[in-house]
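Participant:
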Amino acid sequence: MMRMMMVTALRRGAGGPAGDGRRCSSDRAPRIYTKTGDAGFSSTFTGERRPKGDRIFHALGATDELSSAIGLAGEFSREKGHTFVEQLHKVQCMLQDVGSNIATPLSSAREAHLKRTSFSEKPVLELEQWIDSYSEQLPPLRAFILPSGGKSSAALHFSRAVCRRAERCVVPLVQAGEADPNVAKYLNRLSDYLFVLARYAAMKEGKEEKVYIKPEP
Numbered sequence: 003m004m005r006m007m008m009v010t011a012l013r014r015g016a017g018g019p020a021g022d023g024r025r026c027s028s029d030r031a032p033r034i035y036t037k038t039g040d041a042g043f044s045s046t047f048t049g050e051r052r053p054k055g056d057r058i059f060h061a062l063g064a065t066d067e068l069s070s071a072i073g074l075a076g077e078f079s080r081e082k083g084h085t086f087v088e089q090l091h092k093v094q095c096m097l098q099d100v101g102s103n104i105a106t107p108l109s110s111a112r113e114a115h116l117k118r119t120s121f122s123e124k125p126v127l128e129l130e131q132w133i134d135s136y137s138e139q140l141p142p143l144r145a146f147i148l149p150s151g152g153k154s155s156a157a158l159h160f161s162r163a164v165c166r167r168a169e170r171c172v173v174p175l176v177q178a179g180e181a182d183p184n185v186a187k188y189l190n191r192l193s194d195y196l197f198v199l200a201r202y203a204a205m206k207e208g209k210e211e212k213v214y215i216k217p218e219p
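Residues in the sequence shown are numbered from 3 upward in steps of one, following the working numbering.
Shown next, in the form of structure tokens:
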């Protein structure tokens, strides 16, 4: 998994600055493949080897997909000149921190691990502020909205759906005491933010939001 490879590389100091500010002894960039996962196992940030089917890696994969989906929505939104693009970039950065927390199971984490991968409630509160700000500008919600409203809006709706799946993957980890509850809270608020933002994008672009119409029997 790409994110885990990056985390492992950073932990080992591969291909980047050493802790004292000097470069590692080799100037050659590390290979993108490590072959360490060929047997179906991967490493957590704590160094623990687990099967790739472990729920930690399912959660990490869903979070990675979410960041990719938001990146695509951000590109569509940038083309339309939306000012919230920088917020989406900040969200992607926060998802890296979400991934770090997920990749650090509390059952095997040491104090040094916890200090580097802790996740506070502050990002959750920021999302709530953004949600309130956009919600105040939107028309009342009177029907079930289908993913629509132009490319930016539809891509944000897709991101919201991926976010819900990521949340479903993370909740069992939180319930088992392996991840910080604020991570699940963040993903919960993020799906609400993406929904509101999708509606806002459609409104700003003058695109029609398609609503659910019960089919004739």
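Beta carbons: idealized from backbone N, C-alpha and C, even for Gly.
Note that the coordinates shown come from a computational prediction; the quantities given were computed from them, not determined experimentally.
Just how far apart, CA to CA, sit L143 and P32?
Facilitator: In the sequence shown, residue 143 corresponds to position 141, counting from 1. In the sequence shown, residue 32 corresponds to position 30, counting from 1. Their Cα atoms are separated by approximately 51 angstroms.
Participant: Jot down the residue ranges of each uninterrupted alpha helix (DSSP H) in the region 69-130, minimum 4 residues, whole runs only, in chain order.
Facilitator: 87-104 and 113-119
Participant: On the criterion of 16 or more Cβ atoms from any shown chain inside 10 Å, does A64 qualify as buried, or is it exposed?
Facilitator: Taking the first residue of the sequence shown as position 1, residue 64 is located at position 62. Its Cβ being crowded by 16 or more others within 10 Å, A64 is buried.
Participant: Of the residues D66, A105 and W132, which one's Cα is nearest the Cα of Y202?
Facilitator: In the sequence shown, residue 202 corresponds to position 200, counting from 1. If we check each option's Cα against that of Y202, W132 comes out closest.
Participant: Can you give me the C-alpha to C-alpha distance between A114 and A75, rounded to a whole angstrom?
Facilitator: Working through the sequence shown from its first residue, we reach residue 114 at position 112. Working through the sequence shown from its first residue, we reach residue 75 at position 73. Rounded to the nearest angstrom, the two C-alpha atoms are 36 angstroms apart.
Participant: Compute the distance between the beta-carbons of L196 and L158, then report whether it is under 8 angstroms.
Facilitator: What you label residue 196 is simply residue 194 of the sequence shown in a count that begins at 1. What you label residue 158 is simply residue 156 of the sequence shown in a count that begins at 1. In contact: L196 and L158 (Cβ atoms closer than 8 angstroms).
Participant: Taking only runs of the alpha helix (DSSP H) that begin and end inside the region 170-202, which ones reach a length of at least 4 residues, in chain order?
Facilitator: none
Participant: Give me the residue from L90, E180, T85 and E123 with the minimum Cα distance to Y188.
Facilitator: Locating residue 188 in the sequence shown gives position 186, counting from the first residue. Nearest option by C-alpha distance: E123.
Participant: How many angstroms separate the CA atom of M205 from the CA atom of S154?
Facilitator: On the sequence shown, position 203 is the one that residue 205 refers to. On the sequence shown, position 152 is the one that residue 154 refers to. Each residue's Cα considered, the two are about 11 angstroms apart.
Participant: Among G73, A163 and C95, which one has its Cα closest to the Cα of V198?
Facilitator: Taking the first residue of the sequence shown as position 1, residue 198 is located at position 196. Nearest C-alpha to V198: A163.
Participant: From Y136 to A71, what distance separates their C-alpha atoms?
Facilitator: Indexing the sequence shown from 1 puts residue 136 at position 134. Indexing the sequence shown from 1 puts residue 71 at position 69. Near 21 angstroms, if we compare the C-alpha coordinates of A71 and Y136.
Participant: Can you name, in chain order, every residue of its own chain whose Cβ lies under 8 angstroms from the Cβ of V176, other than the five neighbours on each side?
Facilitator: The residue labelled residue 176 in the question sits at position 174 within the sequence shown. These residues qualify, in order along the chain: D182, P183, V185 and A186.
Participant: Have a look at P125 and M96 and give me their C-alpha separation to the nearest angstrom.
Facilitator: Translated into positions along the sequence shown, residue 125 becomes position 123. Translated into positions along the sequence shown, residue 96 becomes position 94. Distance between the alpha carbons of P125 and M96: 8 angstroms.
Participant: Rounded to whole angstroms, what's the CA-CA distance from R166 to G73? Just pull it up for me.
Facilitator: Stepping through the sequence shown from its first residue, residue 166 is reached at position 164. Stepping through the sequence shown from its first residue, residue 73 is reached at position 71. The C-alpha of R166 lies about 17 angstroms from the C-alpha of G73.
Participant: Less than 6 angstroms between C-beta atoms, sequence neighbours within five positions excluded: which residues of the same chain meet that for S79?
Facilitator: Position 77 of the sequence shown, counting from 1, holds the residue named residue 79. Contacts found: V87 and S154.
Participant: Under 8 angstroms between the Cβ atoms of E211 and S150?
Facilitator: Taking the sequence shown and counting its residues from 1, one reaches residue 211 at position 209. Taking the sequence shown and counting its residues from 1, one reaches residue 150 at position 148. Closer than 8 angstroms, so yes.
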